[in-house]
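Residue numbers (the working numbering): 187 to 469. For every residue, glycine included, the Cβ atom is placed at its ideal position computed from N, Cα and C. Working notes, beginning with the structure itself.
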């Protein structure tokens, strides 16, 4: 028996093509891509290998300390970008994510469900590869630099994948440093308007969302700006081990996101696949 309850309204919205899926970093980690802390440590090691950083130096040790703190992730990424230089930094970043690995079952199940579109802050190509495996054709993919095309597709009701923070195949679009995030927030009004439109017109199901990931915090800010006591309820499938009762209440009251809590039976979180399979059976 599942240790979670699927809201009937969520099933209805998926059936009626009124629900979009958010694919967070947690699903990429299931495919063995690194967490934020692991990614920053990989980049620190790469800087040492290129003789841009001295192992055991004060700066090296300080970066390791900052990398271990989720609230310092963007600061650490910005410092590493300065050490490498922007072009070389993105080359190293692309080396981590541009290996075209196979999607996991969760991605395949997501593609089979009738979501309006997929929204992700991940740089990898896992959801695209799952789409190709199921549909035998390439999906339409937009980044934050194509807000007009995105808005048009949203209005027409066409299925697409929106890479909200860039894509590994166009590495200049990858949003990862503190400066990148500032420019996205303050220098892209079209992007802000589109994100607000997404959250006020569609029900969003968050999968793989983590409180420790900087991109999740940015999306929550958009949700906070968009939610004024109305609009659709959103849903997040999240582990009881990560979300406290206070955080669950705040997500509902501040962001209009209802948390669907589950208790993981082991560290592979099989409930993620089971949840998507249960939704598939219901729709």
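Assign residue i to buried or exposed, taking buried as 16 or more other Cβ atoms, counted over all protein chains shown, within 10 Å of its Cβ.
i           : result
residue 344 : exposed
residue 341 : exposed
residue 196 : buried
residue 379 : exposed
residue 421 : buried
residue 349 : buried
residue 271 : exposed
residue 372 : exposed
residue 214 : buried
residue 302 : buried
residue 467 : exposed
Following the continuous beta strand (DSSP E) through residue i, name the residue where it begins and the one where it ends.
i           : result
residue 133 : In this structure the chain extends from 187 to 469, so residue 133 is not present and cannot be described.
residue 305 : 304-306
residue 444 : 443-448
residue 391 : 389-393
residue 348 : 347-349
residue 327 : 327-329
residue 422 : 420-425
Between which two residues does the alpha helix (DSSP H) harbouring residue i extend?
i           : result
residue 463 : 457-468
residue 316 : 312-321
residue 198 : 194-201
residue 268 : 259-270
residue 298 : 291-298
residue 337 : 333-342
residue 367 : 364-372
residue 399 : No alpha helix (DSSP H) contains residue 399, which DSSP labels as neither H nor E.
residue 247 : 244-253
residue 224 : 222-235
If residue i and residue j are in contact, beta carbons under 8 Å, what's the gap, nearest whole angstrom?
i           : j           : result
residue 311 : residue 286 : 6 Å
residue 364 : residue 245 : At roughly 17 Å, the Cβ-Cβ gap does not stay under 8 Å, so residue 364 and residue 245 are not in contact.
residue 304 : residue 390 : 11 Å between Cβ atoms; not a contact.
residue 250 : residue 269 : So it is not a contact: roughly 14 Å between Cβ atoms.
residue 369 : residue 396 : Not quite, the Cβ-Cβ distance comes to about 24 Å (not below 8 Å), so this is no contact.
Does the separation of the CB atoms of residue i and residue j fall below 7 Å?
i           : j           : result
residue 376 : residue 329 : no
residue 135 : residue 253 : Not covered by the structure: residue 135. The range shown for the chain is 187 to 469.
residue 449 : residue 426 : yes
residue 352 : residue 209 : no
residue 409 : residue 441 : yes
residue 399 : residue 222 : yes
residue 201 : residue 469 : yes
residue 266 : residue 225 : no
residue 337 : residue 346 : no
residue 357 : residue 276 : yes
residue 307 : residue 457 : no
residue 290 : residue 217 : yes
residue 354 : residue 284 : yes
residue 325 : residue 314 : yes
residue 316 : residue 278 : no
residue 360 : residue 309 : yes
Does the pairing of the stretch 314-332 with the stretch 281-299 give three or more beta-carbon distances under 8 Å?
Using a C-beta cut-off of 8 Å, the stretch 314-332 makes contact with the stretch 281-299, since at least three inter-stretch Cβ pairs fall below that distance.
Cβ contact (3+ pairs, closer than 8 Å) linking the stretch 383-401 and the stretch 233-251:
No: fewer than three Cβ pairs fall under 8 Å.
Quick test of the definition: if touching needs 3 or more C-beta pairs under 8 Å, does the stretch 440-448 touch the stretch 188-203?
The answer is yes - the stretch 188-203 touches the stretch 440-448, with three or more Cβ pairs under 8 Å.
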